[in-house]
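Asker: If you want this note's numbering, it's the position in the sequence shown, counting the first as 1, plus 84.
Every residue gets a Cβ at the ideal spot worked out from N, C-alpha and C, and that includes glycine.
All values reported here derive from a predicted model rather than from experimental measurement.
Could you have a look at this structure, given as structure tokens, before my questions?
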Amino acid sequence: MKNIILTQFIVLLGGTIFAWFNFFRELASYLRNEACQTGCAVGVVNPIYTPCFYGAIFFLMALILSFIILTASARKG
85 MKNIILTQFI
95 VLLGGTIFAW
105 FNFFRELASY
115 LRNEACQTGC
125 AVGVVNPIYT
135 PCFYGAIFFL
145 MALILSFIIL
155 TASARKG
């Protein structure tokens with residue numbers, strides 16, 4: 085069971101890094117007054133309203149929950 089929890093944490097860590105990388109790329113493009121690069125919805129200008137931002141937030145919440153589960157499982161033994 086511990087291997088599954090650790091694998092889940094590693095996958096979520098990779099997904100979180102990827103999601104925030106894409107969001108910050110969109111934010112940098114927005115601040116340079118360039119067009120959206122990673123497939124924003126039509127008409128969306130501000131990167132806060134893009135799926136990249138919401139995905140990054142949910143990945144971060146899942147990563148935090150996974151970390152809590154991982155540390156509780158390590159304490160349990």
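Please determine, among 108, 85, 93 and 86, the residue with the shortest C-alpha to C-alpha distance to residue 140.
Answerer: Minimum Cα-Cα distance from residue 140 among the listed residues 108, 85, 93 and 86 corresponds to 108.
Asker: I need the boundaries of the alpha helix (DSSP H) containing residue 136, first residue and last residue.
Answerer: 135 to 160
Asker: Going by the beta-carbon positions, is the gap between residue 143 and residue 98 smaller than 7 Å?
Answerer: no
Asker: Based on Cα-Cα distance, which residue from 93, 120, 146 and 145 lies nearest to residue 134?
Answerer: 120
Asker: In whole angstroms, what is the alpha-carbon distance linking residue 112 and residue 103?
Answerer: 14 Å
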